[in-house]
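Here the structure comes first, spelled out in structure tokens, and everything after it is commentary.
Number of protein chains: 2
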Amino acid sequence: MAGHGAAADAGDYDKHAHEPFAVTVDLAVLTLRAGALHVLLVERGQEPYAGRWALPGGFLLPEESAESAARRELAEETGLDEVAGLHLEQLRTYSEPGRDPRMRVVSVAFACLLPEAPEPRGGGDAAEARWVPYDAARPLAFDHDRILADARERVGAKLEYTGLATAFCPAEFTLGELQQVYETVWGTPLDRPNFRRKILATPGFVEPVPGAARLTGGRGKPAALYRAGPATALHPPLLRPSREGRPA
Amino acid sequence: MAGHGAAADAGDYDKHAHEPFAVTVDLAVLTLRAGALHVLLVERGQEPYAGRWALPGGFLLPEESAESAARRELAEETGLDEVAGLHLEQLRTYSEPGRDPRMRVVSVAFACLLPEAPEPRGGGDAAEARWVPYDAARPLAFDHDRILADARERVGAKLEYTGLATAFCPAEFTLGELQQVYETVWGTPLDRPNFRRKILATPGFVEPVPGAARLTGGRGKPAALYRAGPATALHPPLLRPSREGRPA
DNA sequence: TCAAAAGTGTTGGAGCTACACCCATGG
DNA sequence: CCATGGGTGTAGCTCCAACACTTTTGA
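Okay, structure coming up:
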């Protein structure tokens, strides 16, 4: 944390004694549209990287934490006011000198999962904001390719052992929709009967909405509805199918 | 990342246009001594929190990343020069206003695992540096209690699905020593035969040192020696015994 | 010859994969 | 009555926890 280091404890405090660092937040806002993972991007209007797409983000204000700044930016970029309850996951902090050619910028990156995808109002300042399919997003400005990859990896891993998947779903959802979240993020088909059993066998993951049902594909049996449960950690974890295939 | 936010793109760049943030690193340096988890602490000489113990850390220099700063501080505090190969794990960034009463400090926290515990030379600047048993460490200065707890939780979780445990061991170690790492960090006894089988069944986790053996407790059969293998992710993971016990 | 620590074998049960099958609804 | 998606049942297999047992050393 704070200054117990040599420079700090050596003398009196001077706010400008050290190199001033700009501190920003960057957001990897993910959602599912039409069965594909999408990410919210903004188009840069100026150099460097003018015309390139980038993750939304911005500077910390003097009296807010990185989390607060991330929520503020999220509200500005998406036009959502329901930002309060959304899951924000701090990824890591990117601090390499030179990652922004103009000045020294240290950036705290967050991942955020949205259930439905409202079209972003080009709010705030961004020239244009848009949902872009994950696979079509690159190349991004700055080191955002790496941040985006880190976000996907983290989210994929967290689906295994936390209830995070429900953050991609609306308040009430079917198990089929929840399964689609896993299949889309992991890029793997799952066995429906077994998926259902694992989910329901995990206490506190989902809670049934009594009597409620909804048609999904226009046809077929209406599916029972569930709400996100109180559990954060899953026991046992829902492991994705083994990455190692058998030899060719 | 960098300024595509309103303030940044609105006009020309001025390094002092925004609140200057001090950026620091904090280190949770963990090791095993006498079968117990220990953490490296420094005693603060000045207010605030004078006389209290804190995690080592310090300011970022203008031309270094947070990782570089963490390695530099680690070398200064411990007197180790072998810092190059050590595992540094970025935990998260703590940015709440007011976490340092003197000024606005944003701190990037790291966890670091050491095999043997050389007595820290009170190097650099710290009044005193010392290994303290994890359970006797609190209360620490600033929000370091929370950082330390986050470090332990992260390390415990990573033992399950990565080869991180070998970072607590010397270059050559016995399976009994490796098992002690798990038992100490998790606080759970493990079945030795099953532990051995799981480790050896995981390709790339450890590699035998041909013909080498070492006596451990002074008595008993000498144990074969192993080196850390190339694997970073463990398949299957080595799950800790279920946290939920059966009902009383 | 005993204690201590490493290492091997084995068995019974839990859990899971891969299916086949039934139910409800719209066209 | 057929296609579509939700939901249930189950056989067979894999894996693993638990524990008995053997081996090698120092005292």
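These protein sequence lines map, in sequence, to chains A and B. Quick note on the UniProt record's numbering: the first sequence kicks off at 1 and runs consecutively. Quick note on the UniProt record's numbering: the second sequence kicks off at 1 and runs consecutively. C-beta: ideal position from N, C-alpha, C; glycine also.
(message) I'd like to know whether the C-beta atoms of A167 (chain A) and L113 (chain A) end up nearer to each other than 8 Å.
(response) In the first sequence, counting from the first residue as 1, residue 167 (chain A) sits at position 167. In the first sequence, counting from the first residue as 1, residue 113 (chain A) sits at position 113. Yes, they are a contact pair.
(message) I'd like the span of the beta strand (DSSP E) that includes E153 (chain A), first residue to last.
(response) One-based indexing of the first sequence puts residue 153 (chain A) at position 153. That residue, E153 (chain A), is in no beta strand (DSSP E); its alpha helix (DSSP H) goes H144 to Y161.
(request) May I ask you to verify whether the segment 49-64 of chain A touches the segment 82-94 of chain B, counting CB pairs closer than 8 Å and requiring at least 3? (result) no
(message) Within 8 Å, do at least three Cβ pairs link the segment 202-220 of chain B to the segment 230-239 of chain B?
(response) yes
(request) Return helix, strand or coil for R197 (chain A), following the three-state DSSP convention. (result) On the first sequence, residue 197 (chain A) is found 197 positions in, with the first residue counted as 1. Note: R197 (chain A) maps to helix in three-state DSSP.
(message) Quick check on the DSSP output: what are the complete beta strand (DSSP E) runs of length 3 or more inside the segment 70-103 of chain A, in order along the chain?
(response) 88-94
(message) Counting only Cβ pairs nearer than 7 Å, list the residues of chain A close to R130 (chain B).
(response) To locate residue 130 (chain B), count along the second sequence from 1; it is residue 130. Chain A residues near R130 (chain B): none, gap ~14 Å exceeds 7 Å.
(request) Could you round the C-beta distance between L148 (chain B) and A28 (chain B) to whole angstroms and report it? I think they count as a contact, below 8 Å. (result) As a working note, residue 148 (chain B) is residue 148 in the second sequence. As a working note, residue 28 (chain B) is residue 28 in the second sequence. Yes, they are in contact, since the Cβ atoms of L148 (chain B) and A28 (chain B) sit about 5 Å apart, within 8 Å.
(request) Please list, in chain order, all residues of the same chain as G35 (chain B) whose beta carbon is under 8 Å from its beta carbon, the five residues on each side excluded. (result) Taking the second sequence and counting its residues from 1, the one referred to as residue 35 (chain B) is at position 35. Q180 and T184.
(message) I'd like to know whether the C-beta atoms of L91 (chain B) and F173 (chain B) end up nearer to each other than 8 Å.
(response) The residue you call residue 91 (chain B) lines up with position 91 of the second sequence. The residue you call residue 173 (chain B) lines up with position 173 of the second sequence. No.
(message) For the alpha helix (DSSP H) containing Y182 (chain A), name the first residue and the last one.
(response) Taking the first residue of the first sequence as 1, we reach residue 182 (chain A) at position 182. Run containing Y182 (chain A): L175 to W186, per the alpha helix (DSSP H) assignment.
(request) Anything in chain B within Cβ reach of F110 (chain A), meaning under 8 Å, just list it in chain order. (result) In the first sequence, residue 110 (chain A) corresponds to position 110, counting from 1. Those within 8 Å of F110 (chain A) in chain B number zero; the least Cβ separation is about 10 Å.
(request) Could you tell me whether the segment 215-222 of chain B touches the segment 128-142 of chain B, where touching means 3 or more Cβ pairs closer than 8 Å? (result) no
(message) Using C-beta distances below 7 Å, list every residue in its chain close to R104 (chain B), excluding the 5 sequence neighbours before and after it, in chain order.
(response) If you number the second sequence from 1, residue 104 (chain B) lands on position 104. So the list reads E19, F21, A22 and P97, once near-sequence residues are dropped.
(request) Count the other CB atoms, across all protein chains shown, that sit within 10 Å of the CB of E77 (chain B); report buried if there are 16 or more and exposed otherwise. (result) Taking the second sequence and counting its residues from 1, one reaches residue 77 (chain B) at position 77. That one is buried.
(request) Check each candidate in B:F195, B:G51 and B:A111 and name the one with the smallest Cα separation from V39 (chain B). (result) Locating residue 39 (chain B) in the second sequence gives position 39, counting from the first residue. Closest by alpha carbon: B:A111.
(request) Compute the beta-carbon to beta-carbon distance between N30 (chain A) and V209 (chain A), rounded to the nearest angstrom, for a pair I have assumed lies under 8 Å. (result) To locate residue 30 (chain A), count along the first sequence from 1; it is residue 30. To locate residue 209 (chain A), count along the first sequence from 1; it is residue 209. Here the sequence assigns Leu to residue 30 (chain A), which means Asn is not the residue at that position. Not a contact, Cβ separation roughly 25 Å.
(request) Could you pull the start and end residues of the beta strand (DSSP E) that A212 (chain A) belongs to? (result) Mapped onto the first sequence, residue 212 (chain A) falls at position 212. Where A212 (chain A) is concerned, the enclosing beta strand (DSSP E) stretches over V206 to R214.
(request) Starting from the C-beta of R71 (chain B), find all residues in its chain whose C-beta is less than 6 Å away, skip the five residues before and the five after it, and write them out in chain order. (result) Here residue 71 (chain B) refers to the residue found at position 71 when the second sequence is read from its first residue. Cβ neighbours of R71 (chain B) beyond the five flanking positions: V83.
(request) Specify the secondary structure class of Q166 (chain B) as computed by DSSP and reduced to three states. (result) Position 166 of the second sequence, counting from 1, holds the residue named residue 166 (chain B). Looking at the sequence shown, residue 166 (chain B) is not Gln but Thr. Of the three classes helix, strand and coil, the one that applies to T166 (chain B) here is helix, per DSSP.
(request) Going by CA-CA distance only, name the one from A:V42, A:G187, A:T24 and A:R99 that's closest to E64 (chain B). (result) Here residue 64 (chain B) corresponds to residue number 64 of the second sequence, with the count starting at 1. Cα-wise, what sits closest to E64 (chain B) is A:R99.
(message) Strictly below 7 Å CB to CB, what residues from chain A border P208 (chain B)?
(response) Reading the second sequence from its first residue, position 208 is the one you call residue 208 (chain B). Ordered by position in chain A, no residue passes the 7 Å Cβ test against P208 (chain B), which lies about 22 Å from the chain.
(message) I need the straight-line Cα distance from D191 (chain A) to T162 (chain A), nearest angstrom please.
(response) Position 191 of the first sequence, counted from the start, is the residue given in the question as residue 191 (chain A). Position 162 of the first sequence, counted from the start, is the residue given in the question as residue 162 (chain A). Each residue's alpha carbon lies about 20 Å from the other.
(request) Compare the C-beta of L234 (chain B) with all C-beta atoms of chain A and state if any pair is closer than 8 Å. (result) For the purposes of this step, residue 234 (chain B) is taken as residue 234 along the second sequence, with counting starting at 1. Closer than 8 Å: no.
(message) Using the Cβ count rule (16 or more neighbours within 10 Å means buried), how would you classify P193 (chain B)?
(response) Position 193 of the second sequence, counting from 1, holds the residue named residue 193 (chain B). Looking at its Cβ environment, which holds fewer than 16 other Cβ atoms inside 10 Å, P193 (chain B) is exposed.
(request) Look up E67 (chain A) in the DSSP assignment and say whether it is helix, strand or coil. (result) For the purposes of this step, residue 67 (chain A) is taken as the residue at position 67 of the first sequence. Helix.
(request) Spatial neighbours of G176 (chain B) within its chain, please: CB distance less than 8 Å, with the 5 preceding and 5 following residues excluded, ordered by chain position. (result) Counted from its first residue, the second sequence places residue 176 (chain B) at position 176. Once the five neighbours on either side are set aside, the close Cβ partners of G176 (chain B) are R192, T216 and A223.
(message) Considering Cα atoms alone, identify which of B:Y94, B:A129 and B:E47 is closest to E73 (chain B).
(response) Along the second sequence, read from residue 1 onward, the residue named residue 73 (chain B) stands at position 73. Taking only the C-alpha atoms, the option nearest E73 (chain B) is B:A129.
(message) Taking the alpha-carbon of G187 (chain B) as reference, which of B:P115, B:G220, B:R227 and B:R152 has the nearest alpha-carbon?
(response) The residue labelled residue 187 (chain B) in the question sits at position 187 within the second sequence. Nearest C-alpha to G187 (chain B): B:R152.
(request) Kindly indicate which three-state DSSP category A248 (chain B) falls into: helix, strand or coil? (result) Numbered from 1 along the second sequence, position 248 holds the residue referred to as residue 248 (chain B). With a pLDDT of 24 at A248 (chain B), under the threshold of 50, the modelled position of this residue cannot be trusted; read the value that follows with caution. Three-state DSSP puts A248 (chain B) in coil, outside helix and strand.
(request) Would you list the one or two residues that DSSP bridges to E119 (chain A)? (result) Working through the first sequence from its first residue, we reach residue 119 (chain A) at position 119. Paired residues: none, contrary to the question.
(message) Quick check on E109 (chain B): buried or exposed, where buried means 16 or more other Cβ atoms within 10 Å of its Cβ?
(response) Position 109 of the second sequence, counting from 1, holds the residue named residue 109 (chain B). This sequence places Ala at residue 109 (chain B); Glu is not what is there. Flag for A109 (chain B) reads buried.
(message) So R71 (chain A) contacts chain B; which residues on that side make the cut at Cβ distance below 8 Å?
(response) Numbered from its first residue, the first sequence carries residue 71 (chain A) at position 71. Within chain B, no residue comes near R71 (chain A); the closest Cβ sits about 13 Å away, beyond 8 Å.
(request) Please report how far the alpha carbon of L234 (chain B) lies from the alpha carbon of P170 (chain A), in whole angstroms. (result) Numbered from its first residue, the second sequence carries residue 234 (chain B) at position 234. Numbered from its first residue, the first sequence carries residue 170 (chain A) at position 170. Looking at the two C-alpha atoms, the distance is approximately 34 Å.
(message) With DSSP as the reference, identify every bridge partner of A36 (chain A), one or two as the case may be.
(response) The residue labelled residue 36 (chain A) in the question sits at position 36 within the first sequence. According to DSSP, which records beta bridges pairwise, A36 (chain A) is partnered with A:R33.
(message) Rounded to whole angstroms, what is the Cα-Cα separation between V42 (chain B) and A165 (chain B)?
(response) The residue given as residue 42 (chain B) occupies position 42 in the second sequence. The residue given as residue 165 (chain B) occupies position 165 in the second sequence. Cα to Cα, the separation comes out at about 25 Å.
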